[in-house]
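Visitor:
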Amino acid sequence: MSIQGEATLRLLDKADKEIIKLSRDVKGAIYDFQHKFRKNPANPGLHFKQLKGHPRLYSARVNQEYRALLLHAGESDYILVAVKHRKDVYENLDRFAYQINPVSGGIEFVDLVTIEERVGEQKPAGPETLFSAHTTEQLLELGVAEPLLPLIAKITTEEELLGLAEYAPQLTGEVLLALHDGKSAEEVLDQVTAPVTAPDPVDAEDYQAALARPATLVTTEDTALQEILEGDFGRWRVFLHPAQRKTVERAYSGPARLSGGPGTGKTIVALHRVRHLVDKLGPGHGKAVLLTTFNKNLAVDLRRRMLELAGPEVVDRVDIVNIDSLAAKIVAEAEPGGQRRWIDDTKAIMEWEELLGEAGETRWDPDFLHAEWSHVILGQAINSRADYFRARRAGRGRTITREDRAAIWQLVERYVKQLDKKELWTYRQVAERAARLEIERARKIASYEANQIDSVKLQHDSGIWYRPRYRHVVVDEAQDLSAAHWKMLRAMVPEGPNDIFLAGDTHQRLYGNYVSLGTLGINIRGRSSRLTLSYRTTHEILGAALGVLGQEEWDDLDDGRDDLSGYRSVLHGMRPTLRPAPTWEAELDAIVDQVREWDDVAPAAIAICVPERAMVSEVENRLGKAGIFATSIGPEGPKLYDAVHVGTMHRFKGLEYQRMIIAGVAEGLVPSHRVMQYERGDALRFRRELQQARSLLFVACTRARDSLVISWHGRRSRFLP
Numbered sequence: 001m002s003i004q005g006e007a008t009l010r011l012l013d014k015a016d017k018e019i020i021k022l023s024r025d026v027k028g029a030i031y032d033f034q035h036k037f038r039k040n041p042a043n044p045g046l047h048f049k050q051l052k053g054h055p056r057l058y059s060a061r062v063n064q065e066y067r068a069l070l071l072h073a074g075e076s077d078y079i080l081v082a083v084k085h086r087k088d089v090y091e092n093l094d095r096f097a098y099q100i101n102p103v104s105g106g107i108e109f110v111d112l113v114t115i116e117e118r119v120g121e122q123k124p125a126g127p128e129t130l131f132s133a134h135t136t137e138q139l140l141e142l143g144v145a146e147p148l149l150p151l152i153a154k155i156t157t158e159e160e161l162l163g164l165a166e167y168a169p170q171l172t173g174e175v176l177l178a179l180h181d182g183k184s185a186e187e188v189l190d191q192v193t194a195p196v197t198a199p200d201p202v203d204a205e206d207y208q209a210a211l212a213r214p215a216t217l218v219t220t221e222d223t224a225l226q227e228i229l230e231g232d233f234g235r236w237r238v239f240l241h242p243a244q245r246k247t248v249e250r251a252y253s254g255p256a257r258l259s260g261g262p263g264t265g266k267t268i269v270a271l272h273r274v275r276h277l278v279d280k281l282g283p284g285h286g287k288a289v290l291l292t293t294f295n296k297n298l299a300v301d302l303r304r305r306m307l308e309l310a311g312p313e314v315v316d317r318v319d320i321v322n323i324d325s326l327a328a329k330i331v332a333e334a335e336p337g338g339q340r341r342w343i344d345d346t347k348a349i350m351e352w353e354e355l356l357g358e359a360g361e362t363r364w365d366p367d368f369l370h371a372e373w374s375h376v377i378l379g380q381a382i383n384s385r386a387d388y389f390r391a392r393r394a395g396r397g398r399t400i401t402r403e404d405r406a407a408i409w410q411l412v413e414r415y416v417k418q419l420d421k422k423e424l425w426t427y428r429q430v431a432e433r434a435a436r437l438e439i440e441r442a443r444k445i446a447s448y449e450a451n452q453i454d455s456v457k458l459q460h461d462s463g464i465w466y467r468p469r470y471r472h473v474v475v476d477e478a479q480d481l482s483a484a485h486w487k488m489l490r491a492m493v494p495e496g497p498n499d500i501f502l503a504g505d506t507h508q509r510l511y512g513n514y515v516s517l518g519t520l521g522i523n524i525r526g527r528s529s530r531l532t533l534s535y536r537t538t539h540e541i542l543g544a545a546l547g548v549l550g551q552e553e554w555d556d557l558d559d560g561r562d563d564l565s566g567y568r569s570v571l572h573g574m575r576p577t578l579r580p581a582p583t584w585e586a587e588l589d590a591i592v593d594q595v596r597e598w599d600d601v602a603p604a605a606i607a608i609c610v611p612e613r614a615m616v617s618e619v620e621n622r623l624g625k626a627g628i629f630a631t632s633i634g635p636e637g638p639k640l641y642d643a644v645h646v647g648t649m650h651r652f653k654g655l656e657y658q659r660m661i662i663a664g665v666a667e668g669l670v671p672s673h674r675v676m677q678y679e680r681g682d683a684l685r686f687r688r689e690l691q692q693a694r695s696l697l698f699v700a701c702t703r704a705r706d707s708l709v710i711s712w713h714g715r716r717s718r719f720l721p
């Protein structure tokens, strides 16, 4: 084949898995090869040639021993599908297969030798094979790669299946794992295949059209291969699952919601969605897009990732801030010069304790009153006793009479006066105040527009800018925002196409904020999608984490029900270790021994998670005495990078680690003794508190990528098997 001029070279998904394992010398040769090939594929030194029996498959010389396998997609487009030793190329030509998947329309490459090595020695096919109940026609209809059907027909164990799924085309792996999990072919077709099915008829020979489809997972930037070779490759920046890409690029007529379990890429989609929205803005200045979340640690991480993904030019158009900091900014703008200090829930409850002690009030406990004030009164922006009498108290548990409401309202008035006197403000108050300010601002904007008043001239005359604050709002970890937060966000962006995009999972709710988005002016009905494939957690760790959730029911942020049906992983690893200890001292010793055993990874790849704040310093100190450098995770993230990270379960939200220990998972700590006080007096609240404790442990478990150790002293938590 004669080639003239420059060529485009892309990298196929999963090709990086083998390239990363090659020696530094070979990676250096690949680095030189990619530049030479892009500049001139006809360079004689590359020995570029078509492989016998493969109309589209070519080899090119990387160095004396290694060859690049290249799939020609038409015109000047080539896809790097593998880098192999030359004997593994020319001696196995009949074991390479490629196709355009007739269901998804994506390009797939299959190396049968590598996959058979991963599967291992198989038993002869028999009636007990895993997929004997499914016909060839069924599997093909679901999107399974045809070249793998003979191998699939012989699989008898889950271990063999996981070995195949690691290197098989992604859709094939997902379909087979879902079938193995017990889903019917109809359920798999609906949940796994349909979301990635090509919308148009698939031409099995049109590789250019296939290259443009979301189902073809290739790099779109030349820097990706360079990053792989330098060991700094972030797959999340490059390879989006077709279902993820559809969500990123879809045009919504209004607010939209993305759900999914931990590690399914919700945050990744949110980041790519932000970049997509900024790209659609066109030239301009100012922060037209808001990216927000509840957790301060995660907000810091979102900024770092956004810079990695899109660079400073895009970040300059995005306001990346945690939700309470945003509310504080709004209030400070409206009321400059204020001297109030803001206090968290713990200190706010202490203020309730002081008030009740002075009043001699024993009917209500501080936790109950703080929750009633925060979720019902502030959450619904209630201004008067009459409004409070009419307020919905969904999910609050304990039933109260009209007389009770009158007494509570009186206590709330006294409490607010106490805070005012001390010049204190809770974060809930700040959020509620910010919501009121933004609602009023939105009303004025609407009034000016209705009366055709020039807001630019008005700003010049009065110094006030009456335009919508943002054009688009993107929310990560949406399950943790309160009603006041949502009211503020709704007022910040005008209703219309692509106005609000939220990503979240109510199974990971950590802060007890239960809302109905529809009642807050955020209508997501008909604009919801769900991700089910975990890219972080192994199949074994995922199974243990799901067991922690029990048989609880979970809401969907809009008065419906949510579940994790179809949630799965194609990654394979060791089962989590459950480790008892007689005392906390013995558990600390075991933590030191385990960290020492994990000397094959960098310290920053290891984390220790505990249920209580005091235990953080105890773990940190014990590791330090053993000569292991450790650092705690604060509000802005880990204080140091090159050290073992230690923190409470709340601090690990949004983070992930290769190796992880969750310590202190004992009854009385998980769930805490505090939760048990509601068991008899308030059944619904007790169930909610237990559910929140389950969520916290679930989140902690799903931070682990490869190894998970769960330990306890005394009696193990009721959430553990």
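Residues 1 to 721 in full-length UniProt numbering are what the sequence shown lists, from first letter to last.
Beta carbons are placed, not taken as given, at the ideal position from N, Cα and C, and that holds for glycine.
Examine the Cβ distances between the segment 174-188 and the segment 58-70 and report whether three or more of them are shorter than 8 Å.
Guide: They do not touch, by the three-pair rule.
Visitor: Which whole-angstrom value is the C-beta distance of D559 and T506, which I expect to be below 8 Å?
Guide: Taking the sequence shown and counting its residues from 1, one reaches residue 559 at position 559. Taking the sequence shown and counting its residues from 1, one reaches residue 506 at position 506. Going by Cβ atoms, the distance from D559 to T506 rounds to 12 Å, so no, they are not a contact pair.
Visitor: Buried or exposed: which applies to S104, given that a residue is buried once 16 or more other Cβ atoms fall within 10 Å of its Cβ?
Guide: Numbered from 1 along the sequence shown, position 104 holds the residue referred to as residue 104. Buried, by the Cβ-count rule.
Visitor: Is K49 helix, strand or coil when you go by DSSP?
Guide: For the purposes of this step, residue 49 is identified with residue 49 of the sequence shown, where counting begins at 1. If DSSP states are grouped into helix, strand and coil, K49 belongs with the strands.
Visitor: Have a look at G260 and T532 and give me their C-alpha separation to the nearest angstrom.
Guide: Along the sequence shown, one-based indexing puts residue 260 at 260. Along the sequence shown, one-based indexing puts residue 532 at 532. Cα-Cα distance, rounded: 6 Å.
Visitor: Is the CB-CB distance between L151 and I107 below 8 Å?
Guide: Here residue 151 refers to the residue found at position 151 when the sequence shown is read from its first residue. Here residue 107 refers to the residue found at position 107 when the sequence shown is read from its first residue. For L151 and I107, no; Cβs fall outside 8 Å.
Visitor: Using DSSP with H/G/I as helix, E/B as strand and the rest coil, what is F501?
Guide: Position 501 of the sequence shown, counted from the first residue, corresponds to residue 501. Correct three-state label for F501: strand.
Visitor: For N295, does the count of other Cβ atoms within 10 angstroms reach 16, so buried, or fall short, so exposed?
Guide: Position 295 of the sequence shown holds residue 295. Buried is the call here.
Visitor: According to DSSP, which residues form a beta bridge with P609?
Guide: The sequence position of residue 609 within the sequence shown is 609, counting from 1. The question names Pro, but residue 609 in the sequence shown is Cys. DSSP, once it has assigned bridges, lists G647 and I662 as partnering C609.
Visitor: May I ask you to verify whether the segment 399-413 touches the segment 426-445, counting CB pairs closer than 8 Å and requiring at least 3?
Guide: Touching, no.
Visitor: Tell me the rounded alpha-carbon separation between R305 and I382.
Guide: As a working mapping, residue 305 is identified with position 305 in the sequence shown. As a working mapping, residue 382 is identified with position 382 in the sequence shown. So the two alpha carbons sit approximately 38 Å from each other.
Visitor: Mind checking which residues open and close the alpha helix (DSSP H) that includes L437?
Guide: Counted from its first residue, the sequence shown places residue 437 at position 437. From DSSP, the alpha helix (DSSP H) with L437 extends over Y427 to A450.
Visitor: Just to confirm my understanding: we take D461, look at its own chain, exclude 5 residues before and 5 after, and list those with CB closer than 6 Å. What are they?
Guide: Numbered from 1 along the sequence shown, position 461 holds the residue referred to as residue 461. Low confidence applies to D461: its pLDDT is 44, below 50, so where it sits in the model is not reliable, and the reading given next is rough at best. Closer than 6 Å at Cβ, skipping near neighbours: no residue.
Visitor: Specify the secondary structure class of Q99 as computed by DSSP and reduced to three states.
Guide: If you number the sequence shown from 1, residue 99 lands on position 99. Reduced to three states, the DSSP call for Q99 is strand.
Visitor: Under 8 Å, do C701 and A581 count as touching if we go by C-beta distance?
Guide: Position 701 of the sequence shown, counting from 1, holds the residue named residue 701. Position 581 of the sequence shown, counting from 1, holds the residue named residue 581. No, they are not a contact pair.
Visitor: Measure how close the beta-carbons of K287 and D324 come, nearest whole angstrom, since I'm counting them as under 8 Å.
Guide: As a working note, residue 287 is residue 287 in the sequence shown. As a working note, residue 324 is residue 324 in the sequence shown. That belief does not hold up - the Cβ atoms of K287 and D324 are roughly 18 Å apart, past 8 Å.
Visitor: Would you report the Cα separation of R340 and V331, rounded to the nearest angstrom?
Guide: Translated into positions along the sequence shown, residue 340 becomes position 340. Translated into positions along the sequence shown, residue 331 becomes position 331. About 11 Å.
Visitor: Got a sec, what are the start and stop residues for the beta strand (DSSP E) H572 sits in?
Guide: In the sequence shown, the residue the question calls residue 572 occupies position 572. That residue, H572, is in no beta strand (DSSP E); it is neither H nor E in DSSP.
Visitor: Less than 8 Å between the C-beta atoms of residue 748 and R467, yes or no?
Guide: Shown here, the chain extends from 1 to 721; a query on residue 748 therefore has no answer.
Visitor: By alpha-carbon positions, which one of V289, A450 and K246 ends up nearest to V269?
Guide: On the sequence shown, residue 269 is found 269 positions in, with the first residue counted as 1. For V269, the nearest C-alpha among the options comes from K246.
Visitor: Answer yes or no: do L592 and A626 have a C-beta to C-beta separation smaller than 8 Å?
Guide: Residue mapping note: residue 592 aligns to position 592 of the sequence shown, counting from 1. Residue mapping note: residue 626 aligns to position 626 of the sequence shown, counting from 1. Checking the sequence shown, residue 592 turns out to be Val, not Leu. Their beta carbons are under 8 Å apart, which means V592 touches A626 by this criterion.
Visitor: Would you mind reading off the limits of the beta strand (DSSP E) that contains F109?
Guide: In the sequence shown, the residue the question calls residue 109 occupies position 109. Here the beta strand (DSSP E) through F109 covers I107 to D111.
Visitor: Determine the closest residue to W236 out of T426, L708, L298 and V218, with distance taken between C-alpha atoms.
Guide: Locating residue 236 in the sequence shown gives position 236, where the first residue counts as 1. Among T426, L708, L298 and V218, the Cα nearest to that of W236 belongs to V218.
Visitor: Please report the distance separating the alpha-carbon of P214 from that of W364.
Guide: As a first step, residue 214 is located in the sequence shown; it is residue number 214 there, counting from the start. As a first step, residue 364 is located in the sequence shown; it is residue number 364 there, counting from the start. P214 and W364: Cα-Cα distance of roughly 56 Å.
Visitor: Could you tell me which uninterrupted beta strand (DSSP E) segments, each at least 3 residues in length, are contained entirely in the segment 263-333, listed from first to last along the chain?
Guide: Complete beta strand (DSSP E) runs here, min 3: 289-293 and 318-322.
Visitor: What are the boundary residues of the alpha helix (DSSP H) that R245 is part of?
Guide: Your numbering for residue 245 matches position 245 in the sequence shown. Per DSSP, R245 belongs to the alpha helix (DSSP H) from P242 to E249.
Visitor: Where do the N-terminal and C-terminal ends of the beta strand (DSSP E) with G634 fall, by residue?
Guide: The count along the sequence shown starts at 1 and reaches residue 634 at position 634. Its beta strand (DSSP E) spans residues A630 to G634.
Visitor: When you compare only the Cα positions, how much space is there between D589 and A605?
Guide: Working through the sequence shown from its first residue, we reach residue 589 at position 589. Working through the sequence shown from its first residue, we reach residue 605 at position 605. If you take the alpha carbons of D589 and A605, they lie about 20 Å apart.
Visitor: Tell me whether the beta-carbon of G526 lies closer than 8 Å to the beta-carbon of P611.
Guide: Translated into the one-based positions of the sequence shown, residue 526 becomes position 526. Translated into the one-based positions of the sequence shown, residue 611 becomes position 611. No, the pair does not count as a contact, with Cβ atoms beyond the cut-off.
Visitor: Write down every uninterrupted run of the alpha helix (DSSP H) in the segment 336-382 whose length is 4 residues or greater and which is fully enclosed by it, in chain order.
Guide: You should have 345-359 and 366-371.
Visitor: Report yes if the C-beta distance between residue 733 and A391 is below 8 Å; otherwise report no.
Guide: Any question about residue 733 goes unanswered here, given that the chain covers just 1 to 721.
Visitor: Would P638 and H645 qualify as a contact pair, given that the criterion is a beta-carbon distance under 8 Å?
Guide: Within the sequence shown, residue 638 is the residue found at index 638, counting from 1. Within the sequence shown, residue 645 is the residue found at index 645, counting from 1. Result yes, Cβ atoms of P638 and H645 sit closer than 8 Å.
Visitor: Give me the DSSP bridge partner(s) of residue 764.
Guide: Because residue 764 is not part of the residues shown, which for the chain are 1 to 721, the question remains open.
Visitor: Pull up the DSSP beta-bridge partners for V473, would you.
Guide: The residue given as residue 473 occupies position 473 in the sequence shown. DSSP output for V473 lists L290 and I500 as bridge partner(s).
Visitor: Can you tell me which of G360, S132 and R61 puts its alpha carbon nearest to the alpha carbon of H35?
Guide: Residue mapping note: residue 35 aligns to position 35 of the sequence shown, counting from 1. H35 has its Cα closest to that of R61, out of G360, S132 and R61.
Visitor: Assign V601 to buried or exposed, taking buried as 16 or more other Cβ atoms, counted over all protein chains shown, within 10 Å of its Cβ.
Guide: Residue mapping note: residue 601 aligns to position 601 of the sequence shown, counting from 1. Exposed: under 16 other Cβ atoms inside 10 Å.
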